[in-house]
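**Q** Quick one: the structure is below, and I'll ask about it shortly.
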Amino acid sequence: MDGRYKHMIDSLGPDLFDKIQNSRVLMVGAGGIGCELLKNLVLAGFGNIEIIDLDTIDLSNLNRQFLFQHKHIKQSKAHVARETALKFNPHVNIKSHHNSIYEDQYNVPWFKSFDLVMGALDNLKARQYVNQKCIQAGVPLIESGTAGHLGQTSLHVKDISRCYSCDPKPVPKAPASCTIRSTPTAPIHCIVWAKSYLFCKLFGEDEDAIKEDAESAQNTEQLETLRKESEATSRLRNALGTEEFGKMVMQQVFHDDIEELLNQKEKLSWRKEPTPLDVNTLVSNAVEAKDKGSTEFEQREWTPEEAAHVFLESTSKLSKRMAEGLKEDPNFTLEFDKDDQDAMDFVTACGNLRAHVYDIEKKSRWDTKEMAGNIIPAIATTNAIIAGLVVITAIRVIDGKYAPIEVEGKKTEQWKNAYLAGPGGITTEPIGPYNPLCVACQTNFLTLRVNLNTYTLGQLADLLQHEPELAEGDRRGLGLQLEAIELGDRRLLDFEDGPVEKTLSELQTKNGDVFIVIADCDEPGHTLTVDLMVEHVDSMEDNFYELVGSRKLASRPVSNPEEEKKEEEEKKEDGQKSLKRSSDDMKTDQVNGQANGSSKKAKQEDGPVHIDLDADDDGPMLIE
Amino acid sequence: MDKKTQKYDRQLRLWGGHGQEALGASKVCLINGSAVGTETLKNLILPAIGSFTVVDDKPVSGSDAGNNFFLTQDSIDQPRAKCVTELLRELNEEVEGNHVEQNPTDIMANNPEFFHQFNLVITTQLPESIVLPLAEICWNANIPLFVVRVNGFFGYFRIALPEHTIVEPHPEQLLDLRLDCPFPALIEYANKFDFESTDTLALSHIPYIAILLRCLQEHKRTHGGAVPSLSELRQLIRQLQSKDLSDPENFDEAHNSAFKARQQTTIPRAIEQILNDPKAEDITNTSSDFWILARAVRDFVANEGNGLLPLAGTVPDMKSDTESFVVLQTIYKTKAKEDVQSVQRRVSQLLTSVGKSADSIPQGYVDAFCKYSAHLRVIRYRSLREEYEKPLGQYIASKLADLDDNIVYYVLHRAVDRFFETHKRYPGYHNHEVETDVGLLKKCVTSLLSEWQVSASTPLDDHLHEIVRAGASELHSVSSLLGGIVSQEAIKVLTRQYVPMDNTVVVNTVRSTSSVYTL
Chain S
1 MDGRYKHMID SLGPDLFDKI QNSRVLMVGA GGIGCELLKN LVLAGFGNIE
51 IIDLDTIDLS NLNRQFLFQH KHIKQSKAHV ARETALKFNP HVNIKSHHNS
101 IYEDQYNVPW FKSFDLVMGA LDNLKARQYV NQKCIQAGVP LIESGTAGHL
151 GQTSLHVKDI SRCYSCDPKP VPKAPASCTI RSTPTAPIHC IVWAKSYLFC
201 KLFGEDEDAI KEDAESAQNT EQLETLRKES EATSRLRNAL GTEEFGKMVM
251 QQVFHDDIEE LLNQKEKLSW RKEPTPLDVN TLVSNAVEAK DKGSTEFEQR
301 EWTPEEAAHV FLESTSKLSK RMAEGLKEDP NFTLEFDKDD QDAMDFVTAC
351 GNLRAHVYDI EKKSRWDTKE MAGNIIPAIA TTNAIIAGLV VITAIRVIDG
401 KYAPIEVEGK KTEQWKNAYL AGPGGITTEP IGPYNPLCVA CQTNFLTLRV
451 NLNTYTLGQL ADLLQHEPEL AEGDRRGLGL QLEAIELGDR RLLDFEDGPV
501 EKTLSELQTK NGDVFIVIAD CDEPGHTLTV DLMVEHVDSM EDNFYELVGS
551 RKLASRPVSN PEEEKKEEEE KKEDGQKSLK RSSDDMKTDQ VNGQANGSSK
601 KAKQEDGPVH IDLDADDDGP MLIE
Chain A
1 MDKKTQKYDR QLRLWGGHGQ EALGASKVCL INGSAVGTET LKNLILPAIG
51 SFTVVDDKPV SGSDAGNNFF LTQDSIDQPR AKCVTELLRE LNEEVEGNHV
101 EQNPTDIMAN NPEFFHQFNL VITTQLPESI VLPLAEICWN ANIPLFVVRV
151 NGFFGYFRIA LPEHTIVEPH PEQLLDLRLD CPFPALIEYA NKFDFESTDT
201 LALSHIPYIA ILLRCLQEHK RTHGGAVPSL SELRQLIRQL QSKDLSDPEN
251 FDEAHNSAFK ARQQTTIPRA IEQILNDPKA EDITNTSSDF WILARAVRDF
301 VANEGNGLLP LAGTVPDMKS DTESFVVLQT IYKTKAKEDV QSVQRRVSQL
351 LTSVGKSADS IPQGYVDAFC KYSAHLRVIR YRSLREEYEK PLGQYIASKL
401 ADLDDNIVYY VLHRAVDRFF ETHKRYPGYH NHEVETDVGL LKKCVTSLLS
451 EWQVSASTPL DDHLHEIVRA GASELHSVSS LLGGIVSQEA IKVLTRQYVP
501 MDNTVVVNTV RSTSSVYTL
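Going down the list, the protein sequences come from chains S and A. Anchor point for the first sequence: position 119 equals 119 in the UniProt record's numbering, and the numbering is continuous, going up by one each time. Anchor point for the second sequence: position 70 equals 70 in the UniProt record's numbering, and the numbering is continuous, going up by one each time.
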């Protein structure tokens with residue numbers, strides 16, 4: 001037989017191939033790894049594939065995301081990937097979603113409908129989210145990521161292997177906000193100031209920045225300074241769209257504010273005092289570089305006069321865009337985007353002028369883009385290697401060929417691969433058992449099957465409090481000392497307020513919602529919470545219910561504030577990059593959390609994952 | 001910014017504009033438009049090599065269309081070279097694509113010079129009776145040859161190239177501080193700091209390099225030029241540290257970096273070998289830029305370099321006030337620049353002496369050569385002829401002692417090749433012949449092992465079954481994975497950046513591992 005699938009059937013056998021054709025798999029992300037993955041899945045004969053990605057196609061994707069062409073720029077990655085892949089194998093079903101994975105419709109039951117989920121994401125937050133959903137749905141997850149010549153994949157199966165969140169992700173040190181605001185010493189400080197502070201102040205949601213400042217102010221003098229700054233900001237924002245805007249900003253931030261700092265009573269601890277810019281002279285000497293627009297211009301250091309020209313030009317463009325946007329919508333804002341020419345020009349020029357004021361090394365526009373945009377090098381070769389490993393692992397998962405690991409003395413399945421461009425090539429290691437304290441995979445999780453239109457919250461409260469002996473099987477109660485039931489930001493029920501006789505659908509809860517049930521616990525210093533997913537069953541009558549899942553509920557120690565703070569920072573930190581972190585390669589998004597409360601999702605290329613090669617050597621190694 | 005820089009942004013950050021130029025000037029030949037072949041080309045066309053040529057005289061089969069992304073159902077029975085070239089071209093309009101519908105054996109017989117036009121020749125799924133003569137042609141013309149093969153779940157990849165020189169291996173760090181042999185400007189710099197000062201803020205901003213230099217000089221002055229031991233040096237650092245210092249981070253840095261100060265700046269052995277290579281000795285008008293530079297650096301070391309390589313000129317980040325740090329950077333940079341100028345003078349002299357223009361080597365190359373002079377690499381690969389005629393039996397035997405070692409699949413790859421030469425088909429090609437083929441393949445293994453004088457007791461029965469069962473099938477995911485590795489190494493060879501593997505890669509997708517052997 002010489003059919004399309006000859007190679008697959010010959011090497012895997014007809015039975016396994018049949019399973020592959022009948023499987024349902026989900027791909028989250030259609031970027032660098034995603035394109036390779038989809039191609040491999042389609043050619044391997046995976047019969048039902050769903051793919052989701054919120055992103056649209058950009059020119060800088062085309063050096064590796066080969067399902068896209070120039071004509072597809074600005075179109076949906078998910079849709080175009082589907083169309084292109086179908087041309088090569090029309091016999092598979094592909095469904096594409098141009099949407100955010102956080103949308104309500106992608107709930108636990110939806111995740112449950114797949115045999116396998118493959119993550120090809122570009123940020124930590126989404127990875128942790130998909131990991132959580134896969135755990136709740138009990139679906140195996142294959143994670144992957146690449147950075148330059150390095151890459152990694154890992155397989156996560158609930159209660160068997162470590163989940164993606166079992167290893168706490170390292171928290172990078174971020175410079176203090178006063179370093180950004182007043183005492184920069186390195187180019188990155190100037191760039192973060194331009195991107196996260198000034199850009200937001202002028203074109204973003206200015207209130208956030210000011211509020212945060214007010215909270216960190218330590219004395220009346222600082223508060224006074226802030227008040228002045230806030231006034232200055234209002235004055236500047238009122239001038240948006242006018243001819244003078246650029247020069248006004250320059251005068252304010254590179255002269256007046258610096259003067260103000262120098263005149264403060266309480267001396268700041270800089271070694272060399274900053275020099276306020278002579279704005280009038282600089283503006284009249286501002287000159288357009290002869291090589292503007294060329295790659296050389298991109299990669300070389302600018303003179304202050306050239307930087308001033310770029311500053312005035314980009315500020316004028318951004319200010320006009322802002323003024324026009326405000327006409328339509330009084331809440332209009334601009335967000336920094338490294339692929340926005342004007343925004344990048346603005347940040348480079350500002351960073352340069354600030355570096356000039358503080359006598360710090362200046363970075364080219366090229367380097368600034370890498371630092372401000374958290375750009376990670378990415379090429380087709382590494383993505384091909386990693387996606388190949390993912391699909392080979394996927395075939396194994398569909399085959400059911402993964403057994404519990406960490407059985408002493410026995411050979412274990414290897415679930416984690418890293419590709420290192422070095423002398424070894426692909427290395428493989430067992431991923432290890434789950435972390436018993438993991439907040440993602442070792443929480444109490446139960447499914448409640450009810451008719452949402454008839455079942456009331458009061459009935460739920462009763463059920464949770466009922467002693468187990470009062471009923472049988474799936475209808476036994478949990479015997480909890482119930483305190484509260486929460487859904488997202490909402491507190492549905494507070495024990496002190498008494499029962500609520502509204503039905504769950506009257507309370508705007510939906511099939512697949514996960515309630516957090518909080519209960520009192522006899523063990524001091526411990527708390528007991530249960531993640532309770534509600535599943536709507538139309539045929540259930542009135543107050544009938546089924547409670548599915550392990551009833552062995554475990555309490556856990558109340559985390560101390562120190563750790564909570566760490567977790568909070570992690571949430572803000574949105575992803576990782578950079579091998580062997582040292583103070584000189586501090587990238588911007590870690591700083592983001594501090595310098596800019598409302599940080600946009602830090603974008604990365606084909607998605608970092610964490611590799612710890614030799615944890616007791618130089619500490620964990622991180623790659624995209 | 002121009003569109004090209006924008007499009008290639010993510011890769012330019014790996015190999016830079018000059019790497020991209022080298023890639024763009026490359027002509028790559030692929031023999032056989034197999035799945036692993038087109039996957040490899042895909043990863044080279046996307047980042048923009050100059051051109052590619054597919055040599056293949058076979059028509060497209062149904063299973064080709066099933067496992068090759070660059071073939072469709074409509075391609076069946078059409079020439080494979082033409083079909084894959086058409087679809088590969090769609091990946092990147094800047095890359096020129098050609099196809100030749102001929103058998104490589106015929107080309108070798110009628111027009112062996114055909115291969116001389118390429119910067120890299122990649123063969124895939126080609127039997128050894130064709131690979132070996134082709135390897136001779138490429139070797140003699142100094143053209144890199146990649147031999148690639150997928151056998152079911154296993155991949156084989158061999159690089160053959162007489163000599164590969166690398167100026168930019170991208171070392172993890174470029175530490176060249178010369179603390180043990182400071183140049184005058186550095187001593188002068190260290191002496192300017194006032195360690196007796198009462199200004200604690202100033203004290204806490206003295207760069208650790210200055211602290212180390214001061215302690216070293218002090219010890220040498222009081223101990224007849226002797227270098228302090230690590231603990232002596234650390235003690236000196238703490239003695240120098242003012243008690244009032246609330247933020248002694250810079251002194252901590254000095255303490256932690258003390259070992260650096262005691263490291264002797266020397267020329268690594270591997271670099272000495274390169275500098276003393278006969279190719280650096282005999283400079284002629286056919287000498288490559290690399291060897292002219294190697295000679296110039298050798299002469300620099302013997303003269304104005306005082307026995308040391310040109311200075312790298314970079315300084316690691318450290319606790320310091322901005323001004324002191326910038327001055328320190330400038331001191332290293334200036335010295336590095338002086339060294340480059342001395343080397344440049346010697347390069348010009350050498351070029352003139354062989355009748356070439358004094359500036360025929362680009363300044364950027366001279367700069368890079370000096371900056372990375374302690375990290376240069378020369379790889380001289382073993383040829384395929386050597387591998388076949390002088391097999392490394394002992395090495396193979398030592399690896400084979402562990403039957404879990406991937407070397408097993410190298411042996412099996414060679415056995416499959418031999419099987420093909422004998423039976424004119426691949427083992428397991430027909431499903432009903434699996435058991436017979438296992439026996440026949442075992443004979444090939446036995447004869448190979450005895451030729452290599454490897455004790456033949458090694459039972460490879462399970463592995464034999466594994467290979468024969470998969471037949472000569474090429475799983476797309478395996479091809480894609482191997483194609484990724486092959487193209488990654490191709491880019492390293494074509495850009496002369498990073499260090500390519502030497503010389504055989506075996507990929508095992510049953511275990512998801514790979515191994516590298518020098519065979």
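Even glycine gets a Cβ: it sits at the ideal position worked out from N, Cα and C.
Along chain A, which residues have their Cβ under 9 Å away from the Cβ of Y5 (chain S)?
**A** What Y5 (chain S) touches in chain A: S63, G66, N67.
**Q** Measure the alpha-carbon distance for Q69 (chain S) versus L62 (chain S) and round it to whole angstroms.
**A** Each residue's Cα considered, the two are about 7 Å apart.
**Q** Which residues of chain S have a Cβ atom closer than 7 Å to the Cβ of Y8 (chain A), listed in chain order?
**A** In chain order: N63.
**Q** Sort S:H156, S:S230, S:Q132, S:S177 by Cα distance to E143 (chain S) and report the nearest one.
**A** Among S:H156, S:S230, S:Q132, S:S177, the Cα nearest to that of E143 (chain S) is on S:H156.
**Q** Could you name the residues of the region 96-124 of chain S whose beta carbon sits closer than 7 Å to any beta carbon of chain A, in the order they occur along the chain?
**A** Listed in sequence order: no entries.
**Q** With DSSP as the reference, please indicate the residues paired to I142 (chain S) in a beta bridge.
**A** In the DSSP output, where bridge partners are listed per residue, I142 (chain S) has S:M118, S:L155.
**Q** Going by beta-carbon coordinates alone, are V117 (chain S) and G45 (chain S) separated by less than 9 Å?
**A** No, they are not a contact pair.
**Q** With a CB to CB cut of under 6 Å and the five nearest residues on each side skipped, what residues in its chain are close to I137 (chain A)?
**A** Contacts found: P112, F115.
**Q** Would you say the beta carbon of V131 (chain A) is closer than 8 Å to some non-hydrogen atom of the ligand SAH?
**A** For the structure depicted, the ligand SAH is absent and the ligand set is empty, with no information on it obtainable.
**Q** Is there a C-beta anywhere in chain A that falls below 9 Å from the one on D589 (chain S)?
**A** Here the model assigns D589 (chain S) a pLDDT of 28, short of 50, so the residue's position is not dependable and the matter cannot be decided.
**Q** Can a CB atom of chain A be found closer than 9 Å to the CB of Q508 (chain S)?
**A** Output row for Q508 (chain S): interface = no.
**Q** For a cutoff of 9 Å on Cβ pairs, would you count residue 666 (chain S) as touching chain A?
**A** The requested residue 666 (chain S) does not occur in the structure, where chain S is confined to residues 1 to 624.
**Q** Please confirm whether L14 (chain A) has its beta-carbon closer than 9 Å to some beta-carbon of chain S.
**A** Yes, L14 (chain A) lies at the interface with chain S (some Cβ there is under 9 Å from its Cβ).
**Q** Alpha carbon to alpha carbon, how far is L134 (chain A) from S487 (chain A)? Give it in angstroms, no decimals.
**A** Approximately 20 Å, taken between the alpha carbons.
**Q** Could you say which of A:A65, A:P79, A:Q363 lies nearest to N89 (chain S) if we only look at CA atoms?
**A** Nearest option by C-alpha distance: A:A65.
**Q** Taking the alpha helix (DSSP H) that R377 (chain A) falls in, what are its first and last residues?
**A** From DSSP, R377 (chain A) is part of no alpha helix (DSSP H) but of the beta strand (DSSP E) over 377-379.
**Q** To the nearest angstrom, report how far apart V315 (chain A) and L236 (chain A) are at their CA atoms.
**A** About 23 Å.
**Q** Going by DSSP, name the residue or residues bridged to Q497 (chain A).
**A** In DSSP, Q497 (chain A) forms a bridge with A:E168.
**Q** Count the other CB atoms within 10 Å of the CB of N142 (chain A); is the residue buried (16 or more) or exposed (fewer)?
**A** Flag for N142 (chain A) reads exposed.
**Q** Output the distance between the C-alpha atoms of I485 (chain A) and R149 (chain A), rounded to the nearest integer angstrom.
**A** Near 12 Å, if we compare the C-alpha coordinates of R149 (chain A) and I485 (chain A).
**Q** Give the residues of chain S in contact with Q11 (chain A), contact being defined as C-beta atoms less than 7 Å apart.
**A** By Cβ distance, chain S contributes N63, P377, I379.
**Q** Give the secondary structure of Q42 (chain A) by DSSP, where H, G and I count as helix, E and B as strand, and everything else as coil.
**A** Reading off the sequence, residue 42 (chain A) comes out as Lys, not Gln. In this structure, K42 (chain A) counts as helix in the three-state DSSP scheme.
**Q** Counting only beta-carbon separations shorter than 9 Å, does N32 (chain A) have a partner in chain S?
**A** N32 (chain A) does not count as touching chain S.
**Q** Between the region 445-476 of chain A and chain S, which residues of the former have CB atoms less than 8 Å from a CB of the latter, in chain order?
**A** So the list reads R469, A470, G471, S473, E474, L475, H476, given in the order they occur along the chain.
**Q** Leaving aside the five residues before and after V397 (chain S) along the sequence, list all residues of the same chain whose C-beta is less than 6 Å from its C-beta, in chain order.
**A** Hits under 6 Å: L116, P140.
**Q** In whole angstroms, what separates the C-alpha of A48 (chain A) from that of G16 (chain A)?
**A** Straight-line Cα distance between these residues: approximately 13 Å.
**Q** For A602 (chain S), is the classification buried or exposed, using 16 other Cβ atoms within 10 angstroms of its Cβ as the cut-off for buried?
**A** Note that A602 (chain S) scores 37 on pLDDT, short of 50, meaning its location in the model is unreliable; the coordinates nonetheless yield the value given after this. That one is buried.
**Q** Helix, strand or coil for E304 (chain A)? Go by DSSP, reduced to three states.
**A** The answer is coil: DSSP assigns E304 (chain A) none of H, G, I, E or B.
**Q** Contact check, Q263 (chain A) vs D317 (chain A) under 8 Å by CB: the rounded distance?
**A** The Cβ separation is near 19 Å, so there is no contact.
**Q** Name the two residues that bound the continuous beta strand (DSSP E) containing C29 (chain A).
**A** Counting along the chain, the beta strand (DSSP E) containing C29 (chain A) begins and ends at 27-31.
**Q** Could you please tell me which residues of the region 303-330 of chain A, in chain order, have their CB closer than 9 Å to any CB of chain S?
**A** Per Cβ criterion, the list reads P316, D317, M318, K319, S320, D321, T322, E323, S324, F325, V326, Q329.
**Q** Comparing C-alpha positions only, which one of S:F311, S:L446, S:L202, S:L480 sits nearest to A289 (chain S)?
**A** It is S:F311.
**Q** Pull up the distance between the alpha-carbon of T222 (chain A) and that of S229 (chain A), whole angstroms please.
**A** Rounded to the nearest angstrom, the two C-alpha atoms are 14 Å apart.
**Q** Going along the chain, which unbroken runs of the beta strand (DSSP E) with 3 or more residues stay wholly within the region 358-422 of chain A?
**A** Listed in chain order, the complete beta strand (DSSP E) runs (minimum 3 residues) inside the region 358-422 of chain A are 377-379.
**Q** Counting pairs of Cβ atoms below 8 Å between the region 151-169 of chain A and the region 243-254 of chain A, do you hit three or more?
**A** Because the criterion of three Cβ pairs below 8 Å is not met, the region 151-169 of chain A and the region 243-254 of chain A do not touch.
**Q** List the endpoints of the continuous alpha helix (DSSP H) containing H205 (chain A).
**A** Premise fails: H205 (chain A) is in no alpha helix (DSSP H) and is neither H nor E.
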